[in-house]
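One structure is given here, and the rest of the page talks about it.
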Amino acid sequence: MLMFEKVFKFTTKDLTKLTLMIIIATLLFGLPGLIMMLFLQWITFQSYALESVDKHGISQISASRLGGAAIFLSSLMMYIFGAYSGVIVTTNFSTASIIIWLSAFFCMALGLIDDLINDFLSPRARLISISLIFSLCLVFMPSLIPPKIGLIGLDFLLDNVLFGFILTVVFCVGFINAMNMADGANGLIPGTITVAFIVFYMEAPSVTYAILMTSCGLFTIFNIISGRLFLGDAGAYGLGSLLALNGLYLFSSGVFSAAFLAVLFAYPCIDILVTVTRRRIHGRSVFLPDNDHLHNRIHFHCQRWFKSKTLSNSLTGVLIVFFSSGLALLGFIMDWWPVTSNQWAWIFLVQCAIYLVAFVAGGLNRPSSQFVISQ
1 MLMFEKVFKF TTKDLTKLTL MIIIATLLFG LPGLIMMLFL QWITFQSYAL ESVDKHGISQ
61 ISASRLGGAA IFLSSLMMYI FGAYSGVIVT TNFSTASIII WLSAFFCMAL GLIDDLINDF
121 LSPRARLISI SLIFSLCLVF MPSLIPPKIG LIGLDFLLDN VLFGFILTVV FCVGFINAMN
181 MADGANGLIP GTITVAFIVF YMEAPSVTYA ILMTSCGLFT IFNIISGRLF LGDAGAYGLG
241 SLLALNGLYL FSSGVFSAAF LAVLFAYPCI DILVTVTRRR IHGRSVFLPD NDHLHNRIHF
301 HCQRWFKSKT LSNSLTGVLI VFFSSGLALL GFIMDWWPVT SNQWAWIFLV QCAIYLVAFV
361 AGGLNRPSSQ FVISQ
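1 is the number of the first residue of the sequence shown in the numbering used here; add one for each residue after it.
This is how it looks when you write it as structure tokens:
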């Protein structure tokens, strides 16, 4: 059913947060930052596509699920305004760009439907639909299928065209589901996406990456400070597909190594593997959500230290981003290794160790009622 209800009452505290967000956004991004902040705030006043308090990972306040749609719309408006004002020199889109953007659009639309009409599609139907989208994308753009990634077993399978096709589809579907599954704390996935587009832009400059870096960065600021707007399925599917396909494109072009990309997207990738494994071990469906992700465990302790619901939520997301995508950005800036090097695999192993230690430690003194959402 369509999700219609009042989001929240605009209080003095909300006005203070909005003022702070406007100041930060304007200082960092100028007029586009100011306009987008006001646009995002306007969305939170709308009475549709709301995330219920008991559904979203660790959030304890009602909020809108239209953040992803807002990012896409804001990015489009930035491009149109830039082209109209002459700031952006427009060129014909390449075939690769058209295929990638069409795939991302259909994934975003699929997620938006579920944002607006709660549970309109079953998990299985979404899985099949997304698989078809990526399959068609690879049919028209087979160059995205990597010939080798540096792992002997997988490289052997990738040598076979059919296996390579299937593995690439599975990777893309798994990646955007990992992004959706990990989107449970303020700033976690938005921050990861922002860092990714920053790195993409710095290593392979393009107007598209610059605009997405800006719009995602502004959304991250809003998400962390206000906590009133989430990416939703449209954001996780749409932006996740853009990252997956652009990651494959940049990898196939020799811009990044698979090891560096693994470090860049460490948290969602590690989290989905751990989540699927523990659900299977406990005999639970891998499609049904629960509250036993690492971000749930960290937040359980953060909320004991801080009274503010938004602060404990946002601190959880920022901490995780720092030790996942943040390490990739730090290493990139400090030039630990070339981004084409497989030495980044050592950092990924460190991230895996940090995840496992934090997961075990985060489960201490945590009541069993926190573990699973029954549906």
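Every residue gets a Cβ at the ideal spot worked out from N, C-alpha and C, and that includes glycine.
Are residue i and residue j closer than 8 Å when you measure CB to CB?
i       : j       : result
Trp-344 : Val-255 : no
Ala-234 : Ala-63  : no
Phe-163 : Met-108 : no
Thr-44  : Leu-34  : no
Val-339 : Ser-257 : yes
Asn-313 : Gly-227 : yes
Gly-386 : Gly-111 : Outside the displayed span of the chain (1 to 375) sits residue 386, for which this structure offers no information.
Ser-308 : Gln-351 : no
Ser-75  : Leu-273 : no
Ala-236 : Asp-155 : no
Asn-223 : Gly-187 : yes
Ile-100 : Leu-319 : no
Thr-275 : His-295 : no
Gly-240 : Phe-175 : yes
Ile-225 : Lys-13  : no
Phe-106 : Ile-128 : no
Ala-204 : Leu-250 : yes
Thr-192 : Pro-123 : no
Ser-215 : Met-78  : yes
Ile-221 : Ile-24  : yes
Asp-271 : Met-181 : yes
Just to check my reading of the structure: residue i and residue j have Cβ atoms closer than 8 Å, yes? What is that Cβ distance to the nearest angstrom?
i       : j       : result
Arg-366 : Phe-300 : 5 Å
Leu-138 : Ile-149 : Not quite, the Cβ-Cβ distance comes to about 16 Å (not below 8 Å), so this is no contact.
Phe-230 : Gly-67  : 5 Å
Ala-259 : Phe-348 : 6 Å
Met-380 : Ile-166 : One cannot answer for residue 380 here, as it falls past the ends of the chain, which runs 1 to 375.
For residue i, which residues from the same chain have a beta carbon less than 8 Å from its beta carbon, with the 5 sequence-adjacent residues on both sides left out?
i       : result
Ser-97  : Thr-208
Phe-10  : Phe-45
Leu-136 : Ser-103
Counting along the chain, where does the alpha helix (DSSP H) carrying residue i start and finish?
i       : result
Val-119 : It is Asp, not Val, that sits at residue 119 in the sequence shown. No alpha helix (DSSP H) holds Asp-119; DSSP gives it neither H nor E.
Ser-325 : 325-334
Val-360 : 344-362
Phe-260 : 258-264
Can you find the residues in the same chain that come closer than 7 Å, C-beta to C-beta, to residue i, ignoring five residues on each side of it along the sequence?
i       : result
Ser-131 : Val-169, Val-173
Pro-147 : Leu-158
Asp-54  : Note that Asp-54 scores 48 on pLDDT, short of 50, meaning its location in the model is unreliable and no value can be drawn from it.
Leu-329 : Val-195, Ile-198, Val-199
Arg-297 : Phe-359, Gly-362, Gly-363, Arg-366
Tyr-201 : Tyr-209, Ala-210, Met-213
Gly-238 : Gly-68, Phe-72, Ala-104, Cys-107, Met-108, Gly-111
Ile-88  : Tyr-79, Gly-82, Val-207
Gln-41  : Leu-18
Tell me which residues share the same chain as residue i and place their Cβ nearer than 6 Å to its Cβ, disregarding the 5 neighbours each side in the sequence.
i       : result
Leu-31  : none
Thr-90  : Ala-83
Ile-248 : For clarity, residue 248 is Leu in the given sequence; the question names Ile instead. Answer for Leu-248: Leu-144, listed in chain order.
Cys-302 : Ser-312, Leu-315, Thr-316
Met-36  : Ser-74, Leu-218
Leu-242 : Ala-104
Ile-113 : Phe-120
His-56  : Since pLDDT at His-56 reaches only 46, below the 50 mark, its modelled position is unreliable, and the value read off the structure follows with that caveat. Excluding positions up to five away in sequence, the list is empty.
Val-286 : Val-276, Arg-279
Thr-310 : Gly-227
In chain order, each alpha helix (DSSP H) run of at least 4 residues that lies wholly inside the stretch 15-98: 31-44, 67-85
Which residue spans inside the stretch 102-157 form an unbroken alpha helix (DSSP H) run of at least 4? 123-140
Runs of alpha helix (DSSP H) wholly within the stretch 165-244 (minimum 4 residues, chain order): 188-203, 207-226
With a floor of 4 residues, list each alpha helix (DSSP H) that falls wholly inside the stretch 281-309, ordered by position along the chain. 294-305
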